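Contents: one structure, followed by commentary.
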Amino acid sequence: MANRLAVSASPYLRQHADNPVDWWEWTPEALAQAAERDVPILLSVGYAACHWCHVMAHGCFADTEVAAAMNAGFVCIKVDREERPDIDAIYMAATQALTGAGGWPMTCFLTPDGRPFFCGTYYPKDAFLNLLSAITATWNERRDEVEQASTSIAAELRAMAARLPSDGPPVDESLCDAAVGALLRTEDTVHGGFGGAPKFPPSALLEFLLRHYERTASRTALEAVVRAGTGMARGGIYDQLAGGFARYSVDNAWVVPHFEKMLYDNALLLRVYAHWARRTGDPLAMRVTAQTAQFLLEELSEDAVFISSLDADAAGQEGLTYVWTPEQLTEVLGAADGRWAAEVFGVTPEGTFDPDDSGASVLRLPVDPHDGPRFDRVRRELLVARRTRPQPDRDGKVVTAWNGLAITALTEAAVALDDPRLAAAARDCAGRLLELHLVDGRLRRASLGGRVGDSPAVLEDYGALATGLLGVYQFSGAQSLLDGALGLLDTALDHFADPESPGRWFDTSDDAEALMVRPGDPLDGATPSGAALITEALLTASLVAGSRAQRYGRAAADALGAHGALLARAPRAAGHWLAVAEATLRGPLQIAVACQGPDSALLAQARRLAPGGSVVVGGAAESGELLAGRDRVNGVDAAYVCRGPVCDLPVVSAAELAAALAVPPHPASV
Numbered sequence: 003m004a005n006r007l008a009v010s011a012s013p014y015l016r017q018h019a020d021n022p023v024d025w026w027e028w029t030p031e032a033l034a035q036a037a038e039r040d041v042p043i044l045l046s047v048g049y050a051a052c053h054w055c056h057v058m059a060h061g062c063f064a065d066t067e068v069a070a071a072m073n074a075g076f077v078c079i080k081v082d083r084e085e086r087p088d089i090d091a092i093y094m095a096a097t098q099a100l101t102g103a104g105g106w107p108m109t110c111f112l113t114p115d116g117r118p119f120f121c122g123t124y125y126p127k128d129a130f131l132n133l134l135s136a137i138t139a140t141w142n143e144r145r146d147e148v149e150q151a152s153t154s155i156a157a158e159l160r161a162m163a164a165r166l167p168s169d170g171p172p173v174d175e176s177l178c179d180a181a182v183g184a185l186l187r188t189e190d191t192v193h194g195g196f197g198g199a200p201k202f203p204p205s206a207l208l209e210f211l212l213r214h215y216e217r218t219a220s221r222t223a224l225e226a227v228v229r230a231g232t233g234m235a236r237g238g239i240y241d242q243l244a245g246g247f248a249r250y251s252v253d254n255a256w257v258v259p260h261f262e263k264m265l266y267d268n269a270l271l272l273r274v275y276a277h278w279a280r281r282t283g284d285p286l287a288m289r290v291t292a293q294t295a296q297f298l299l300e301e302l303s304e305d306a307v308f309i310s311s312l313d314a315d316a317a318g319q320e321g322l323t324y325v326w327t328p329e330q331l332t333e334v335l336g337a338a339d340g341r342w343a344a345e346v347f348g349v350t351p352e353g354t355f356d357p358d359d360s361g362a363s364v365l366r367l368p369v370d371p372h373d374g375p376r377f378d379r380v381r382r383e384l385l386v387a388r389r390t391r392p393q394p395d396r397d398g399k400v401v402t403a404w405n406g407l408a409i410t411a412l413t414e415a416a417v418a419l420d421d422p423r424l425a426a427a428a429r430d431c432a433g434r435l436l437e438l439h440l441v442d443g444r445l446r447r448a449s450l451g452g453r454v455g456d457s458p459a460v461l462e463d464y465g466a467l468a469t470g471l472l473g474v475y476q477f478s479g480a481q482s483l484l485d486g487a488l489g490l491l492d493t494a495l496d497h498f499a500d501p502e503s504p505g506r507w508f509d510t511s512d513d514a515e516a517l518m519v520r521p522g523d524p525l526d527g528a529t530p531s532g533a534a535l536i537t538e539a540l541l542t543a544s545l546v547a548g549s550r551a552q553r554y555g556r557a558a559a560d561a562l563g564a565h566g567a568l569l570a571r572a573p574r575a576a577g578h579w580l581a582v583a584e585a586t587l588r589g590p591l592q593i594a595v596a597c598q599g600p601d602s603a604l605l606a607q608a609r610r611l612a613p614g615g616s617v618v619v620g621g622a623a624e625s626g627e628l629l630a631g632r633d634r635v636n637g638v639d640a641a642y643v644c645r646g647p648v649c650d651l652p653v654v655s656a657a658e659l660a661a662a663l664a665v666p667p668h669p670a671s672v
């Protein structure tokens, strides 16, 4: 039996390399093998930080009895959803259509040409053996039913892909105001966030609400951000010792997390907290921004880029690294500090996280303690002790899109914290990513240990990285980063845009592997949709791209116009679109600061005051598109503020700049 997964660029696939299952990666050869053997495909999709993926791997894929049944009756294909989001999207849609739900691990049975006929998620050993037997019998004895079902499902998936409404309202102030109202009607006003358990960090929605507040001065929008931001930062979903956020909370009060830490969550949340901190100066937002940025640099950074995740499990037990009992606190800190820490962090004898009746608690911080120095010392001592415990596995895969999100977040955190170290980290990541993942002018999806994988990038990779490059360009003025971003956008327009429907996008390129359906999902999920990300990048580029600006601006406008119905009908799934829409309603806003160098106080003030989605550049008159013909005034630095094509007179003081950027009165402000 060949060990085909041992040299994969995916740590998740490598975790299965020693299974007794005869695994294949998703390749044409694997599908051809199924056709040659005349057996169905068993497709298993998961990711490295997934707790239940590990449970099924141990209970089923490592079991020789189960493996024998899998090998005898199927061609078994293992897919890392983070490496092949296109495959994951297609078969997750099938799973949801067939079962009404979805999740990982995802288990699908396909015809040799890839059409699904049965889908599910996690199975324990006995149930899985029964399922394998039933699928084999159905394949051998009722093939006509399999053909009929798979053909019907494939047709439904293709119809779903073409079913997006195109008759939506214009994306204007009234649409964004209505979206805010719809969101606030679903807000958990006690704990913050939207909806009930399990509760996921609503990063894109919070960014939208912050931008809406900046445009309208709506206190209700800002208060929703503060409630969610505070609830998460004080809850167990946030690592009170080392910073960084877990994937989601299993309860509605942010107390008990699912402990995996994903790069994309932390990048998206870092951007939100940095924006909140920059806009209001809130001390909690400032602290979480600093700690989360430090978490990225200390825990997820390798060779200037960022790895994908930390596992939920350590030594086979979920949360083992992170939870504490009162006795454990006392053992580390002594009796007095141990009792004090238990009170501060909400650690009780009964416990808040108790899978094994151990009475363990997840650390929370309901209020800031009055004794700040004591708290800092206790936190450091607990963190040192925690590092001696079993640590979660790391998924060292470097994903293009998620690194793009991290670049953007670090650049914005650098402004909020006035920390050039973070801007330097963002620029280093951008340079390394272009060096490693850009191959013959096209992006690859992922790499591992400095070796780039074969999987081509998808639309979110182009959009997120282009936005990140444009952010670092604004901060550094490096022409190579601007050129890199514009090259990515040209490739996206040439290969991902729908030529038959202006403003619509596919998630895979026109020359990528042909799958059952060419995916193109405009809805936000755990990360913003590829279409929303590319629209953000196009809008930003339209302000700095010179001769190509008109092409980018038209493409951004077409994309927003084509998705008006989505924004109006499903704002919970369109947060990033709405954030981009808010940027357009401000002009979009451009601030060009004519100055002699990067240390200009007026330039720093412009970056701090600029609403989200604005473009801010600084330098001499000849140093960029927005600065052309714009000089210092009477020997002092000057800021030129433009809203779309309309520009104000230059201002030379911080007070004048603040007045120029002040929120105008708005009838929706409440």
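Residue numbering for the sequence shown is 3 to 672, as defined by this note's numbering.
Each residue gets a CB set at the ideal place from its N, CA and C atoms; glycine is no exception.
This structure is a prediction, so every number in the text was calculated from the model and none was measured.
query, result
"Distance, Val643 Cα to Leu322 Cα", "52 Å"
"Arg273 burial status per 10 Å Cβ neighbour count (16 or more: buried)", "buried"
"Endpoints, beta strand (DSSP E) assigned at Gln393", "Where Gln393 is concerned, there is no enclosing beta strand (DSSP E), given that its DSSP letter is neither H nor E."
"Simplified DSSP assignment, three categories, for Ala459", "coil"
"Validate contact between the segment 461–481 and the segment 416–434 using beta carbons, cut 8 Å, 3 pairs", "yes"
"Terminal residues of the alpha helix (DSSP H) in which Arg160 lies", "145–163"
"Contact belief for Ala344 with Leu331 at Cβ below 8 Å, rounded distance in angstroms", "5 Å"
"Residues that DSSP places opposite Gly620 in a beta bridge", "Val595"
"Reduced DSSP secondary structure (H/G/I, E/B, other) of Tyr49", "coil"
"Inter-residue spacing [alpha-carbon to alpha-carbon] between Leu271 and Ala581", "14 Å"
"Leu629 burial status per 10 Å Cβ neighbour count (16 or more: buried)", "buried"
"Given 8 Å, three or more beta-carbon pairs between the segment 213–226 and the segment 251–261", "no"
"Pairwise C-alpha distance: Leu545 and Pro613", "15 Å"
"Neighbourhood of Ala279 by C-beta, 6 Å cutoff - its chain only, sequence neighbours within 5 removed", "Ala287, Met288, Thr291, Ala418"
"Any beta strand (DSSP E) of 3 or more consecutive residues that is wholly inside the segment 546–572", "none"
"Coarse secondary structure for Met58, derived from DSSP in three states", "helix"
"Same chain, Cβ closer than 7 Å to Gln98, neighbours up to 5 away in sequence not counted", "Gly104"
"Option in Asp485, Leu495, Gly577, Asp523 with minimal Cα separation from Ile89", "Asp523"
"Distance, Ala662 Cα to Pro669 Cα", "Here the model assigns Pro669 a pLDDT of 45, short of 50, so the residue's position is not dependable, and the following value carries that caveat. Their backbone Cα atoms lie some 20 Å apart in a straight line."
"Pairwise C-alpha distance: Trp507 and Arg86", "18 Å"
"Candidates Arg213, Val617, Glu502, Val401, of which the one nearest Ala564 by Cα", "Glu502"
"Cα-Cα separation, Ala11 to Ala432", "20 Å"
"Which listed residue (Leu488, Ala199, Arg453) has its alpha carbon closest to that of Ser549", "Leu488"
"Contacting residues, own chain, Cβ-Cβ under 6 Å from Thr529 (five flanking each side not counted)", "Tyr266"
"The segment 224–236 in contact with the segment 192–210 per 3-pair CB rule at 8 Å", "yes"
"Where Pro669 falls: helix, strand or coil (DSSP)", "Reliability fails at Pro669, whose pLDDT of 45 lies under 50, so the model's placement of it is uncertain and the value that follows must be treated cautiously. Pro669: coil per DSSP, three-state reduction."
"Close-in-space but distant-in-sequence residues of the same chain around Ala95 (CB under 7 Å, 5 per side omitted)", "Leu159, Met162"
"Own chain, CB closer than 6 Å to Ser671, minus 5 neighbours either side, in chain order", "In this predicted model, Ser671 has a pLDDT of only 41, less than 50, meaning its place in the structure is not dependable; the value taken from the coordinates is given anyway. Result list for Ser671: Thr218, Ala219, Ser220, in chain order."
"Where Ile309 falls: helix, strand or coil (DSSP)", "coil"
"Ala576 and Thr469 closer than 8 Å at C-beta", "no"
"Residues of its chain near Ala151, where Cβ-Cβ distance is below 6 Å and the 5 sequence neighbours each way are ignored", "Phe119"
"Outcome for Glu189 when other beta-carbon atoms lying within 10 angstroms are tallied against a minimum of 16", "buried"
"Simplified DSSP assignment, three categories, for Trp507", "strand"
"First through last residue of the beta strand (DSSP E) which encompasses Gly122", "118–122"
"Touch test, the segment 509–517 against the segment 555–569, Cβ-Cβ under 8 Å, three pairs minimum", "no"
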